[in-house]
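Numbering (our numbering), first residue to last: 1 to 161.
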């Protein structure tokens, strides 16, 4: 993503976040905004602790609780999506300005791959029309095993048993 596009998106998400904080009479702290900014600079899925450690390594002064609480605020105003991909670990990704996509999740290593297939969108639209249902969004996750490193690891474990 170009710097100009990122700057535009950051301006827009900060504006949306500010309006959300005002609407709910919440404080507009610099920590909340820097967390939002760091999320929108990322290109991957992440968990709260990974974000917290990243921010500490960047010398930001934020607490783990602030990271967790800010993530929940960002989820509540649709700027971040929260996923439960298994193993009781919530993962997050930025959502504003990014098209709908789906996921392939490796049950061994937790790797998450994104894909977009227009046929899924067609099915969503068709089902909405058929059932007179206004579909706002969807979540489609496929679970399986990676080809390659994970598969080789599994084979070596099977040989040992």
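Cβ coordinates follow ideal geometry from the N, Cα and C atoms, glycine included.
None of these values were measured; they are calculated from a predicted model.
Three-way DSSP call (helix, strand, coil) for residue i in this model
i: residue 7; result: helix
i: residue 58; result: coil
i: residue 17; result: helix
i: residue 147; result: coil
i: residue 48; result: helix
i: residue 90; result: strand
i: residue 82; result: strand
i: residue 102; result: strand
i: residue 141; result: strand
Residue j beta carbon less than 8 Å from that of residue i
i: residue 35; j: residue 96; result: no
i: residue 74; j: residue 80; result: yes
i: residue 54; j: residue 108; result: no
i: residue 120; j: residue 140; result: yes
i: residue 62; j: residue 22; result: no
i: residue 101; j: residue 85; result: no
i: residue 13; j: residue 52; result: no
i: residue 71; j: residue 37; result: no
Cβ shell of residue i (< 6 Å), same chain only, five flanking positions each side left out
i: residue 45; result: 91, 93 and 112
Spatial neighbours of residue i in its chain, beta-carbon cut-off 8 Å, leaving aside the 5 residues before and after
i: residue 125; result: 135
i: residue 142; result: 102, 103, 104 and 105
i: residue 48; result: 64, 67, 68, 71, 90 and 92
i: residue 18; result: 28
i: residue 137; result: 100
Element boundaries [alpha helix (DSSP H), containing residue i]
i: residue 41; result: 30–41
i: residue 113; result: Run containing residue 113: none in the alpha helix (DSSP H); it sits in the beta strand (DSSP E), 112–115.
i: residue 74; result: 64–76
i: residue 119; result: 118–130
Same chain, Cβ closer than 7 Å to residue i, five either side skipped, listed in chain order
i: residue 82; result: 75, 90 and 92
i: residue 99; result: 116
i: residue 60; result: 34
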